[in-house]
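Those protein sequences? They're chains D and L, same order as listed. Those letters in the first sequence? Residues 1272 to 1704, by the working numbering. Those letters in the second sequence? Residues 97 to 993, by the working numbering. One structure below.
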Amino acid sequence: MSHLPNRRLVLSSAAGVVALPFLPSLGFRRFAAAATAAAAPPAKRLVFLGFGWGVTDDFWYPDLKTPGPDYALPPGLAPLARHKSDFTIVQGLWNKYSNEGHWGSTMWLTGANRYAQPGQNFHNSVSADQIAASQLGLHTRFASLQFNYSEKEGDSGHGPGLSMAWDVRGKPVGGQNGPLAAYHRLFSADNTPIEKQRALLAEKRSVLDAVLDNAQYLQKGLSTSDQRKLDEYFEGIRDIETRLAKDEQWIGVPQPQATLAEPKQPVSGRDEIGLMYDIIVAALQTDSTRVITYRQPVASLLTSLDIKVNPHDMSHYHGSKNEKLDASQRRDLAQSELFAGFLDRIKAASEPEGTTLFDHTTVVFGSNIRTGHELTNCPTVIAGRGAGVKLGHNLVVPKNTPLCNAWLTLLKGSGVDVDRHGDSTGTISDLVS
Amino acid sequence: MVVMRVSAAHAAVWFYAAFLTATAGGAAPSVHLPDTHRSVLATHCLKCHGAEDAEGNVRLDDLPYEITSVETAERWQKVLNVLNSGAMPPEDEPPLPAAAKADFVDDLAQTMVAARRSLADQRGTITMRRLNRREYRNTLRELLGAEINVAELPADTGNGSFDTVGSNLFMSSNQFEQYQALGREAIEEALARHSARSVVQRHRYEAEQAVRKLVKVINEEIEQRDRARRWVAAVDAAAARPENATVVAEIRKQAKNDAEFRRSWERISGAPSPVEYGFGEPFIAVVGNAVDKANASLNPYFLPYHEDALTPPGIDTGAYLANQTVHPAILDNGYVSTVVPHHWQPGDFIVRFRVAGNEQATPERRFIEFGIHPRFGQVLSTHEVTGTLERPQVIEVPITLTRKHTDTGDRTLFIREKNSIDSNELASRRYNESKKKNGIGPEYTIWVDWLEIERMPAKETAPPGVAILDGMLDDKKVPSRSQIEATIEAFSQSAFRGTLPPPSFVGKLMAVYDHRLAAGDKHSAALKETLSVVLAAPMFLYLAEPAVDGQPRPLTQHELASRLSYFLWGAPPDQELRNLAASGKLTEPAVLAAQAERLLDDPRSKGFLEPFVYQWLGLHRLDFFEVNRTKFPEFDNSTRLAAKHEIYETVGHLLRTNGSLRDLLAADYVVVNNVLARHYGLDGVAGDHFRPVPLPADSPRGGFLGMTAFHLMGGNGDETSPVERGAWVLRKMLDDPPPPAPANVPAIARLAGKAVTPAERLRMHQEEPQCASCHRRIDPIGLGLENFDAIGRWRTTDSYKAEGSKDLKTWTIEPAGALFGGPAFADFHELRAVIAERPDAFVRGFSRALVEYALGRPCGFSDEPLLDAMVAQGKTKNFPVRELIQALVASDPFHTK
């Protein structure tokens, strides 16, 4: 513990702008108390489900000419019919800077300009879920959870990144790949005695001490741009530090009772998405976290549907139609069916005072890619009452409204104190009931 | 140097970024859109987007034609976007004339590419970089001699630049933990290998053991058939009883055949259940299935084929490779395999197999594949069987086994016939086709005597990181505290490529060690854990070169050693390089050039060849597609593997022999192995290794454009894609990359479901001026390559059948065309000649890639003088590949931080 103030000093001098969280060892114990006390009113939750390669144009989007509640569900959304009054599809949104037709998730929640930094051909900024996590995640075991597909080499159209989440510095945030990893992250109990856990924490801190010492030494004499590069390392250490501090709060607090059985068989594709949806519901029900992103598999989804078309080729169905179009439509249907099942589950999950998870959660289901290389009218479905969204509508917003306006609306609606996000120009008033 | 773009109308083909004015002195280059387009904007745009009340608040009248800022670039990008998407001019305004629009979009798109390069120019500044994934793996191998699976680390590729570009190599908290975990694993692996270094181990599997298993299966099949026959006899006997006559007649009326008749056995009084004859258990729970099983057992589909395996000579001492028949859990006759004993420690091994082909072994049935994990594993190598039953041959393959090879599957070595079971579907098709012909199944052609594995003796000297730990990990004789400190320091110095760690770092590591001891670790565990921290420390992970802002300085000797070895090996400097650096001699031009030669001659230069070629040529596309095996049954896994290796082997051949880069444009030889020679129809190529093979004068092979891998990338494994091929040629061979495919271009929906030739489809592309702007340059090249099908075979016709249509449309390929604004060509050979006449452009593109890869930063406009110099120096000697590398190594930028 005695190293800690020193390390704070190191970090703040190394990275200048990096703000460190208050740590319990410095006498700030409020979080620890919060960890054991039950959270008062049902908390707001945000879930982002990203499906990579977009959808089939004519098959998935409702008619732009029938905005409002009285619209006909197109075939691609037909599996959602039983929930029609409980979700809103927003049409006309995009990320204006996006120029990469193969990146369905990289900038979906960030709205960043890839070329914003001279001299770099890749730049990203913080994602909406991480903004939410910084405020909604203070009282849960995990500030946020990032789930990914389990496929190793599949081509699911998500683009670069370790998950859909990007931290405040625009660096990728890692996550759990596949249901088994996600399950263990949530429910695997740490059976180590408390004293031993404390010793392990101390040991981990001694590791951080050592590498920080090394980083400091290396930092001497570096040019400004190289120091900035090394700051990523400091930032990584700071993240671990923050996590250790949080771990310390949670020492002795038992893991929640698992609300579903441990996945035994490796699953992929359709089954994997279904199982991951179960785990997401479980994570919310146990209040392990309030912010979740999930990059869904597409390649293995196709495999599980016995579709042999390459996922990338599928999204270029316009030219030849035939089996690519068929694959694209069957993908839409499978994704909609799975999503309908997810809505069933959060509607059935009861919360205090006769409410359900659905009443306190906002679920976004979409992608930065519409179809092919198309990046306009990004597919966006919003469900749940967590952010006061007007549900049951085919909401047609002015063409090329920033996606970030939608994210801002949802963040504010979920009680996050934020004024703008990405390239947002304001909130979408029509989206709010 | 001044490079000016002539007006678009008179444009010749130009070979590197246009619209650029740069001076050799390195003054800031400027990018500007040709003024000729002012009138288009004035006529069609300014009415609404002028100074007064600009529509949508978009003003174009004050938009500078010279692009010097991101803001200006973005405003122009918006103009390009709305032109591409057809959103502007709006419907009620007159459209832009097609030709003017195509030229304008073309120039604007090129300008945006140039602007992006200009604005991204780091002016020689190299961002400090961490080791990328493969360098991390190679560095651990050099330090510890351990082979580590680094798949969990980010690949560091896929962001459009080389994996050496520091500004794109990120770090996160997850990664830090992965580094420590991998470091821990590497230390354990190294110690395990070291402990087994003098162990002698050999394990042999005699293939005749498989024959015993086969005989058992055959006996079961016969016994099962007999049981089925007895059941049939019993059912028939019951059916013959007079009291059953009515019901039997009724069943007969409905049943198509005897088998179906017996499905209704229950209605026949006195007929026994098939379950009583052993067709119920253990797999068959439903009685209906039991009937089917009994019916099927009457005529065991595979029995003749199985029995046939017992007839050829040699089965008392070996076994024949078969086409996989039943489930491999019952009989794994598709391969001969053996499990490496589980107690064997990791290390390097030789696998040997003794094999022979019999007289049925036609040339295409003489190949076998070796791999690990028969059910899921990849093919590791392919071998031609030239031995005979009288004189079998022994084939040797080196392999490495690690601590990760724990599952039985991952320890199972196998050999199988090439193209015998790339998928279950293909295997059964192959089987059925043969069975139709001869009533039995595919001929047995390859006999296996045995399969064995033997540990290779370790190198005489232990890897540096392991040598340091010698005697330091004994829990019975714990070293003194000062010895432990010295060990940590020496290990860190070795890991940090010779740089001594600060004492404070060693002190902090001692604290880690003490914490581990306090947490209950033994000395050895605590020390190993402590050393794993070294392998996650910044001085290990980053190649740091201290500098003062804005003041370039020459590299130090040690920095130069690292830059050179990570360039040409992807690995840390060895002792010789470090010694030269320490003695201050490495910067002497002759010494440095000699070292570069030495590094290129070393096998470790594979650590340059493969990653560089892979990224330079964009080979990731090779793994994008499944080949349509119904259409191309011969394009098996081995051929695919060989096609990929042809590229590496060809560039590797040039690198070894210092051959001319021009050979990649056109050559009178190919570098192939026996598998690929068969694919190309070249006779007389024996042996599994790649080697240069001369070509007949009229051959379309030789150079990239003749390679199967190139054509595979330029298609989807089924159909060709002239656009992909044309764009690749522009990007990689002519150094004239087309702008990235624009977002939001409307698709040509009216083509859906129509059978059109690629040429027709592309002509339609060019109807839209915004498409024509790029496609008029891409498409002629792509169409000129249409004589190669999707797997690179030569063809003269092509055909297409639209979905749901019965008509097969066939057409003759017409490759004739002309480069945009350039020379015409009548066929592929002329097209190749036109391209081959432009080696300067190709070498310039190669040099640009080399600079970016070696220096780890984007190659910007300020590097044009360097590229000029490299091309000029290469040109004097007809572009030998090492000349280019040496020119870069000797250049100032290579020596400068």
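Every residue gets a Cβ at the ideal spot worked out from N, C-alpha and C, and that includes glycine. Note that this is a predicted model, so its numbers are computed, not measured.
Helix, strand or coil: which one does DSSP assign to F1302(D)?
-> Position 31 of the first sequence holds residue 1302(D). Because the pLDDT at F1302(D) is just 36, under 50, the model does not fix this residue reliably, and the value given afterwards should be weighed accordingly. F1302(D): helix per DSSP, three-state reduction.
Under 7 angstroms between beta-carbons, which chain D residues line up against V644(L)? List them in chain order, please.
-> Within the second sequence, numbered from 1, the residue matching residue 644(L) stands at position 548. Under the 7 angstroms cutoff, chain D gives S1494.
Look at P368(L) and A392(L) and say whether their C-beta atoms are less than 9 angstroms apart.
-> Reading the second sequence from its first residue, position 272 is the one you call residue 368(L). Reading the second sequence from its first residue, position 296 is the one you call residue 392(L). No. Outside cutoff.
Run through the stretch 363-440 of chain L for me and flag every whole alpha helix (DSSP H) of 4 or more residues, listed as ranges in chain order.
-> 383-394, 399-404
Please decide whether L1674(D) counts as near chain L, where near means a Cβ-Cβ distance under 9 angstroms.
-> One-based indexing of the first sequence puts residue 1674(D) at position 403. So no, L1674(D) is outside the interface.
Closest by CA to A912(L), which one among R891(L), G878(L), A945(L), T906(L)?
-> Translated into positions along the second sequence, residue 912(L) becomes position 816. When only C-alpha atoms are compared, the closest one is G878(L).
Could you confirm whether any beta carbon from chain L is found closer than 9 angstroms to the beta carbon of R1514(D)?
-> To locate residue 1514(D), count along the first sequence from 1; it is residue 243. Yes, because at least one Cβ of chain L sits closer than 9 angstroms to the Cβ of R1514(D).
In chain order, what residues of the same chain lie with their CB nearer than 8 angstroms to the CB of F266(L), ignoring the 5 residues before and after it?
-> The sequence position of residue 266(L) within the second sequence is 170, counting from 1. P250.
Give a yes or no on whether the minimum CB-CB distance between Q608(L) and chain D is below 9 angstroms.
-> If you number the second sequence from 1, residue 608(L) lands on position 512. Sequence check: residue 608(L) is Val here, not Gln. Taking Cβ atoms only, chain D reaches closer than 9 angstroms to V608(L), which makes this a yes.
Listed by chain order, chain L residues near E1503(D) by CB distance under 7 angstroms = Here residue 1503(D) is taken as the residue at index 232 of the first sequence, counted from 1. Result: F266, M267.
So, is the C-beta of P1464(D) closer than 9 angstroms to a C-beta in chain L?
-> Sequence index remark: in the first sequence, residue 1464(D) carries index 193 (1-based). With its beta carbon at least 9 angstroms from every one in chain L, P1464(D) lies outside the interface.
Below 8 angstroms CB to CB, which residues in the same chain sit around E722(L) once its five sequence neighbours on both sides are set aside?
-> Here residue 722(L) corresponds to residue number 626 of the second sequence, with the count starting at 1. Closer than 8 angstroms at the Cβ level, and outside the excluded window around E722(L), lie G813.
Note down, in chain order, every chain D residue with its Cβ under 8 angstroms from the Cβ of F272(L).
-> For this step, residue 272(L) is matched to residue 176 along the second sequence. In chain order: V1482, Y1504, G1507, I1508, I1511.
At which residues does the beta strand (DSSP E) containing H479(L) begin and terminate?
-> Against the second sequence, residue 479(L) aligns to sequence position 383. That run of the beta strand (DSSP E) goes 475-480.
7 angstroms CB neighbourhood of P1237(D) in its chain, flanking five on each side removed = The structure shown does not extend to residue 1237(D), since chain D is modelled only from 1272 through 1704, so no value can be given for it.
Any C-beta of chain D sitting closer than 9 angstroms to the C-beta of V447(L)?
-> If you number the second sequence from 1, residue 447(L) lands on position 351. Not closer than 9 angstroms to any Cβ of chain D, the Cβ of V447(L) fails to qualify, so no.
Any chance the stretch 354-374 of chain L sits against the stretch 332-342 of chain L, with 3 or more Cβ pairs inside 8 angstroms?
-> Because the criterion of three Cβ pairs below 8 angstroms is met, the stretch 354-374 of chain L and the stretch 332-342 of chain L touch.
Between I347(L) and G535(L), what straight-line distance do the alpha-carbon atoms span, to the nearest angstrom?
-> Against the second sequence, residue 347(L) aligns to sequence position 251. Against the second sequence, residue 535(L) aligns to sequence position 439. One C-alpha to the other measures close to 32 angstroms.
Within 9 angstroms (strictly less), CB to CB, does G1390(D) reach chain L?
-> Residue numbering aside, residue 1390(D) sits at position 119 when the first sequence is read from its first letter. Note that G1390(D) scores a pLDDT of 48, beneath 50, so its modelled location is shaky and nothing firm can be said.
Have a look at L751(L) and D894(L) and give me their C-alpha separation to the nearest angstrom.
-> Here the question's residue 751(L) lines up with position 655 in the second sequence. Here the question's residue 894(L) lines up with position 798 in the second sequence. Distance between the alpha carbons of L751(L) and D894(L) is about 38 angstroms.
Given that a residue counts as buried once 16 or more other Cβ atoms are within 10 Å of its Cβ, and exposed if not, what is A983(L)?
-> For the purposes of this step, residue 983(L) is taken as the residue at position 887 of the second sequence. So A983(L) counts as buried.
Compare the beta carbon distance of G430(L) and P470(L) with 9 angstroms and say whether it is the shorter of the two.
-> Here the question's residue 430(L) lines up with position 334 in the second sequence. Here the question's residue 470(L) lines up with position 374 in the second sequence. Yes, the Cβ-Cβ distance between G430(L) and P470(L) is below 9 angstroms.
So the alpha helix (DSSP H) S1683(D) belongs to, where does it begin and stop?
-> Reading the first sequence from its first residue, position 412 is the one you call residue 1683(D). First, the residue type needs correcting, since residue 1683(D) is Lys and not Ser in the sequence shown. From DSSP, the alpha helix (DSSP H) with K1683(D) extends over 1674-1684.
Inter-residue CB distance, R229(L) and V246(L) (contact presumed, cutoff 8 angstroms) = For this step, residue 229(L) is matched to residue 133 along the second sequence. For this step, residue 246(L) is matched to residue 150 along the second sequence. Contact flag correct, Cβ pair sits at about 5 angstroms.
CA-to-CA distance, S869(L) to D199(L), given in whole angstroms | As a working mapping, residue 199(L) is identified with position 103 in the second sequence. As a working mapping, residue 869(L) is identified with position 773 in the second sequence. One C-alpha to the other measures close to 6 angstroms.
Along chain D, in chain order, which residues have C-beta atoms closer than 7 angstroms to that of L605(L)?
-> Residue 605(L) sits at position 509 when you count from the first residue of the second sequence. Within chain D, the residues near L605(L) are A1481.
Please compile the residues from chain D whose C-beta is within a distance smaller than 8 angstroms of the C-beta of P634(L).
-> The residue you call residue 634(L) lines up with position 538 of the second sequence. Chain D residues near P634(L): V1482, N1485, A1486, L1489, L1501, Y1504.
Close beta carbons around Y1368(D), own chain, < 6 angstroms, minus the five adjacent residues each side | Position 97 of the first sequence, counted from the first residue, corresponds to residue 1368(D). Result list for Y1368(D): N1384, in chain order.
So with Cβ pairs under 9 angstroms, would you call N1419(D) a contact of chain L?
-> Translated into positions along the first sequence, residue 1419(D) becomes position 148. Taking Cβ atoms only, chain L never reaches closer than 9 angstroms to N1419(D), which makes this a no.
Report yes or no: is there a C-beta of chain D within less than 9 angstroms of the C-beta of Y638(L)?
-> Position 542 of the second sequence, counted from the first residue, corresponds to residue 638(L). Chain D contact via Cβ: present.
What is the rounded straight-line gap between the Cα of G1663(D) and the Cα of G1339(D)?
-> Taking the first sequence and counting its residues from 1, the one referred to as residue 1663(D) is at position 392. Taking the first sequence and counting its residues from 1, the one referred to as residue 1339(D) is at position 68. For G1663(D) and G1339(D), the distance between alpha carbons rounds to 8 angstroms.
Measuring only between beta-carbons, confirm whether P1295(D) sits less than 9 angstroms from chain L.
-> For the purposes of this step, residue 1295(D) is taken as residue 24 along the first sequence, with counting starting at 1. Because P1295(D) sits at a pLDDT of 32, beneath the cut-off of 50, its placement in the model cannot be relied upon, and the following sentence gives the value as read from the coordinates. Not an interface residue.
Who are the Cβ neighbours of A676(L) in its own chain at under 8 angstroms, not counting the five residues just before and after it?
-> Translated into the one-based positions of the second sequence, residue 676(L) becomes position 580. Looking at the sequence itself, residue 676(L) is Leu, so the reference to Ala does not match. Closer than 8 angstroms at the Cβ level, and outside the excluded window around L676(L), lie Q653, A657, L682, V687, Q691.
L240(L) to Q276(L), Cα distance in whole Å?
-> Walking along the second sequence from the start, residue 240(L) turns up at place 144. Walking along the second sequence from the start, residue 276(L) turns up at place 180. Cα-Cα distance, rounded: 15 angstroms.
Proximal residues, the stretch 693-724 of chain L versus chain D, C-beta separation under 8 angstroms | D719, F720, F721, E722
One or two residues paired with H128(L) in a DSSP bridge | Residue numbering aside, residue 128(L) sits at position 32 when the second sequence is read from its first letter. Bridge partners of H128(L): E162(L).
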